[in-house]
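Undergrad: Be aware that the sequence shown starts at 1, since it is given in UniProt numbering, and climbs by one per residue. From the three backbone atoms N, C-alpha and C, an ideal C-beta is built for every residue, glycine too. Below you will find the structure I want to go over with you.
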Amino acid sequence: MTHRTLSAGRLVAATHNKGKVRELKDLFEPLGLEVVSAIDLDLPEPEETENSFTGNALLKARAAAEKTGAPALSDDSGLSVTLLDGAPGIYSARWAGEPRDFGVAMARVEQELQAAGNSDRSAKFVCALAVVWPDGHEEVFEGEVHGELVWPPRGDKGFGYDPIFVADGEVMTFGEMDPDRKHAMSHRADAFSKLKAALLS
Numbered sequence: 001m002t003h004r005t006l007s008a009g010r011l012v013a014a015t016h017n018k019g020k021v022r023e024l025k026d027l028f029e030p031l032g033l034e035v036v037s038a039i040d041l042d043l044p045e046p047e048e049t050e051n052s053f054t055g056n057a058l059l060k061a062r063a064a065a066e067k068t069g070a071p072a073l074s075d076d077s078g079l080s081v082t083l084l085d086g087a088p089g090i091y092s093a094r095w096a097g098e099p100r101d102f103g104v105a106m107a108r109v110e111q112e113l114q115a116a117g118n119s120d121r122s123a124k125f126v127c128a129l130a131v132v133w134p135d136g137h138e139e140v141f142e143g144e145v146h147g148e149l150v151w152p153p154r155g156d157k158g159f160g161y162d163p164i165f166v167a168d169g170e171v172m173t174f175g176e177m178d179p180d181r182k183h184a185m186s187h188r189a190d191a192f193s194k195l196k197a198a199l200l201s
């Protein structure tokens, strides 16, 4: 596939998750892109009906590009726990309920690990970054970071499941880690490095 250069200018972040918006701004704005979120533009949040991170990322980016007439970026990401057969996976946010309470979601993960025997605490974060242009051109990049889950949660610097995830080779959770350090190794950073090489070189 021929990649398309993502030119400097406005990029719509098709997410209503303020933590993700903050991370996407940190990644893209130093490269001359003005990241405007779906929250800023009061865009509706489409229902995630696909069965994969890539499918849901494309769904959200397509909706934002169509509504705004600008290139749109969507991140669909989540926690995949080995002992839980990949759950919560694409349902990671939904495990937190409405309004989203990730304290509840993290407790549910721990409860299910205990119920499953707690013999394997390995997990990974997965991220699919989709960029969709108003003319329909689409590109998707996937990234992962592997690690293990700890309990109780530690740290308040991240969001989502960050306080229970320790990346391989680290001792701090993503919730305890300085954001710049997390950005350098996260699943989102992995996907972003692939996107950057393809679209921003």
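Determine the extent of the alpha helix (DSSP H) in which H183 is found, giving its start and end residues.
TA: The sequence position of residue 183 within the sequence shown is 183, counting from 1. Taken as a continuous stretch (DSSP letters only), the alpha helix (DSSP H) holding H183 covers P179 to M185.
Undergrad: Could you check which residue in L24, K18 and A14 has the C-alpha nearest to that of K196?
TA: Locating residue 196 in the sequence shown gives position 196, counting from the first residue. When only C-alpha atoms are compared, the closest one is L24.
Undergrad: Which residue comes first and which comes last in the beta strand (DSSP E) that contains L33?
TA: Here the question's residue 33 lines up with position 33 in the sequence shown. L33: member of the beta strand (DSSP E) spanning L33 to S37, first to last residue.
Undergrad: Using the three-state DSSP reduction, which class does S193 fall into: helix, strand or coil?
TA: Residue mapping note: residue 193 aligns to position 193 of the sequence shown, counting from 1. Correct three-state label for S193: helix.
Undergrad: Which same chain residues end up closer than 6 Å to A70 when comparing Cβ atoms and leaving out the 5 residues on each side of it in sequence?
TA: On the sequence shown, residue 70 is found 70 positions in, with the first residue counted as 1. Result list for A70: R10 and V12, in chain order.
Undergrad: Please identify the residue among M172, M177 and A128 whose C-alpha is closest to the C-alpha of F141.
TA: Within the sequence shown, the letter at position 141 stands for residue 141. Here the closest residue by C-alpha is A128.
Undergrad: Rounded to the nearest angstrom, what separates L83 and A8 at their Cα positions?
TA: Reading the sequence shown from its first residue, position 83 is the one you call residue 83. Reading the sequence shown from its first residue, position 8 is the one you call residue 8. Roughly 43 Å separates the two Cα atoms.
Undergrad: Using DSSP with H/G/I as helix, E/B as strand and the rest coil, what is P71?
TA: Start at 1 with the first residue of the sequence shown, and residue 71 comes out as number 71. Coil, per DSSP.
Undergrad: For K76, which of helix, strand or coil comes out of DSSP?
TA: As a first step, residue 76 must be located in the sequence shown, where it is residue number 76. Sequence inspection shows Asp at residue 76; the Lys mentioned does not correspond to that position. Reduced to three states, the DSSP call for D76 is strand.
Undergrad: Under three-state DSSP, which class holds P44?
TA: In the sequence shown, residue 44 corresponds to position 44, counting from 1. Of the three classes helix, strand and coil, the one that applies to P44 here is coil, per DSSP.
Undergrad: Just checking, does the stretch 94 to 106 make contact with the stretch 151 to 167 on the three C-beta pairs under 8 Å criterion?
TA: Cβ pair count under 8 Å is three or more, so yes.
Undergrad: Examine the Cβ distances between the stretch 40 to 55 and the stretch 84 to 99 and report whether three or more of them are shorter than 8 Å.
TA: With a cut-off of 8 Å, the stretch 84 to 99 and the stretch 40 to 55 count as touching, because enough Cβ pairs lie within range.
Undergrad: Of all the options E170, S193 and D156, which has the alpha carbon lying nearest to the alpha carbon of E176?
TA: By 1-based counting over the sequence shown, the position of residue 176 is 176. Considering only alpha carbons, the answer is D156.
Undergrad: Let me make sure I understand the geometry here. Which of F125, N17 and L79 has the alpha-carbon closest to that of P99?
TA: Mapped onto the sequence shown, residue 99 falls at position 99. Among F125, N17 and L79, the Cα nearest to that of P99 is on N17.
Undergrad: What is the DSSP secondary structure of L200, counted as helix, strand or coil?
TA: Looking up residue 200 in the sequence shown gives position 200. L200: coil per DSSP, three-state reduction.
Undergrad: Distance, Cα to Cα, L199 vs G32?
TA: Walking along the sequence shown from the start, residue 199 turns up at place 199. Walking along the sequence shown from the start, residue 32 turns up at place 32. Roughly 13 Å separates the two Cα atoms.
Undergrad: Just to confirm, is the Cβ distance from F125 to L73 under 7 Å?
TA: By 1-based counting over the sequence shown, the position of residue 125 is 125. By 1-based counting over the sequence shown, the position of residue 73 is 73. No, the Cβ-Cβ distance between F125 and L73 is not below 7 Å.
Undergrad: Are the CB atoms of V131 and E139 nearer to each other than 7 Å?
TA: For the purposes of this step, residue 131 is taken as the residue at position 131 of the sequence shown. For the purposes of this step, residue 139 is taken as the residue at position 139 of the sequence shown. Result yes, Cβ atoms of V131 and E139 sit closer than 7 Å.
Undergrad: Given that a residue counts as buried once 16 or more other Cβ atoms are within 10 Å of its Cβ, and exposed if not, what is D190?
TA: Here residue 190 refers to the residue found at position 190 of the sequence shown. Counting Cβ neighbours within 10 Å, D190 comes out buried, since at least 16 surround it.
Undergrad: According to DSSP, what are the bridge partners of R10?
TA: In the sequence shown, counting from the first residue as 1, residue 10 sits at position 10. In the DSSP output, where bridge partners are listed per residue, R10 has E34.
Undergrad: List the endpoints of the continuous beta strand (DSSP E) containing G175.
TA: Position 175 of the sequence shown, counting from 1, holds the residue named residue 175. Element bounds for G175: n/a, residue is neither H nor E.
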